[in-house]
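J.: First the structure, which I've put down as structure tokens, then a few questions once you've had a look.
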Amino acid sequence: MTNKEGPVALVTGASRGIGRAVAARLAEEGAFVFINYFSNDDQAKATLEAIRAAGGKGECARFDITDTESSAEAVKAIVKAHGRIDILVNNAGIREDRLFALMKPEVWTKVVDTNLSGFYNVTRPVVRAMVKKKYGRIVSIASASGLTGNAGQVNYSASKAGLIGATKALAREMGKANITVNAVAPGFIQTDMLDGLDIEQLESTIPAGRLGTPEEVAHAVGFLCSDQASYITGQVIGVNGGMI
Ligand code: NDP
Numbered sequence: 003m004t005n006k007e008g009p010v011a012l013v014t015g016a017s018r019g020i021g022r023a024v025a026a027r028l029a030e031e032g033a034f035v036f037i038n039y040f041s042n043d044d045q046a047k048a049t050l051e052a053i054r055a056a057g058g059k060g061e062c063a064r065f066d067i068t069d070t071e072s073s074a075e076a077v078k079a080i081v082k083a084h085g086r087i088d089i090l091v092n093n094a095g096i097r098e099d100r101l102f103a104l105m106k107p108e109v110w111t112k113v114v115d116t117n118l119s120g121f122y123n124v125t126r127p128v129v130r131a132m133v134k135k136k137y138g139r140i141v142s143i144a145s146a147s148g149l150t151g152n153a154g155q156v157n158y159s160a161s162k163a164g165l166i167g168a169t170k171a172l173a174r175e176m177g178k179a180n181i182t183v184n185a186v187a188p189g190f191i192q193t194d195m196l197d198g199l200d201i202e203q204l205e206s207t208i209p210a211g212r213l214g215t216p217e218e219v220a221h222a223v224g225f226l227c228s229d230q231a232s233y234i235t236g237q238v239i240g241v242n243g244g245m246i
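Position in the sequence shown counted from 1, then plus 2, gives you this note's numbering.
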């Protein structure tokens, strides 16, 4: 990594689920982790407490990734305090499933704004800071739905496919700047996001016969954020129990 104090990381949507596991994993590797979240103060604090209890370092950073200005302000504040951001994990995301014919414009917009425009809002100011330091690791959490499409998720699948396209294009722009840009595409992972779904039915579609854990996704993310992954860029790694 770039300096003796260890890397500075920002993980969006780290109050719960996959983001929480990623934040814990990066802290374990020695990063100072900024735990972004939207509304869930208690859960964000719980993520931070768990990191500190394990001997790690971090801070909570509440901002709405759909808001271009507050995202830029939050990134600026981190860079001002720590001098840099070495690792960005674009993890925050939502789903709001409907059959396409019944999907009102606001349901389309809300999901695309969060899952895809959120990437723009956070990544752009971070990249500008990374370019100055000539170092960076950017990993975005896409989805198997972005690769295969999923009925009832035209908005979600489109946003995740867009995220994959953005990842590949940005990787090409950043190749010579020593900044890698990759995506991880999970299958079905045991988090709040699966609330209300028929888990047995989902498991019957997975060759591994079970849901994945947030930690299993975090291992892949942790590797892509490490120095060992220095020649991996523009790639999408599936963590899906063999589903696709
Ligand atoms: P959760 O629903 O468990 O957590 C979502 C996180 O995103 C929360 O921390 C939430 O904050 C945050 N968030 C939501 N909207 C915003 C916003 N506007 N600004 C800032 N933070 C926001 O999700 P998962 O852990 O399951 O999913 C994480 C990522 O992985 C998502 O991108 C998702 O699409 C993707 N994924 C998940 C899969 C799964 O099976 N679980 C499968 C494939 C991909 P708060 O707590 O404050 O609400």
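Even glycine gets a Cβ: it sits at the ideal position worked out from N, Cα and C.
In whole angstroms, what is the alpha-carbon distance linking residue 39 and residue 49?
T.: Between residue 39 and residue 49, the C-alpha separation is close to 11 angstroms.
J.: Return the CA-CA distance between residue 55 and residue 47, expressed in angstroms with no decimal places.
T.: The alpha-carbon atoms of residue 55 and residue 47 are separated by roughly 12 angstroms.
J.: Skipping 5 residues on each side, what residues in its chain have a beta carbon closer than 6 angstroms to that of residue 170?
T.: Excluding positions up to five away in sequence, the list reads 236.
J.: Are residue 63 and residue 80 closer than 9 angstroms when you measure CB to CB?
T.: For residue 63 and residue 80, yes; Cβs fall inside 9 angstroms.
J.: Under 8 angstroms by Cβ, that's how I've got residue 73 and residue 107 pegged, so tell me the actual separation to the nearest angstrom.
T.: Between residue 107 and residue 73 the Cβ distance is about 23 angstroms, and since that is not below 8 angstroms, they are no contact.
J.: Rounded to the nearest angstrom, what separates residue 220 and residue 23 at their Cα positions?
T.: Rounded to whole angstroms, residue 220 to residue 23 spans 6 angstroms at the Cα level.
J.: Give me the Cα-Cα distance between residue 181 and residue 173, rounded to the nearest whole angstrom.
T.: Those two C-alpha atoms are separated by around 8 angstroms.
J.: Mind checking which residues open and close the beta strand (DSSP E) that includes residue 190?
T.: No beta strand (DSSP E) holds residue 190; DSSP gives it neither H nor E.
J.: For residue 29 and residue 10, I'd like the C-alpha separation in whole angstroms.
T.: Computed Cα separation, rounded: 10 angstroms.
J.: The ligand NDP heavy atoms versus the CB of residue 97: any closer than 8 angstroms?
T.: Yes - the ligand NDP has a heavy atom lying nearer than 8 angstroms to the Cβ of residue 97.
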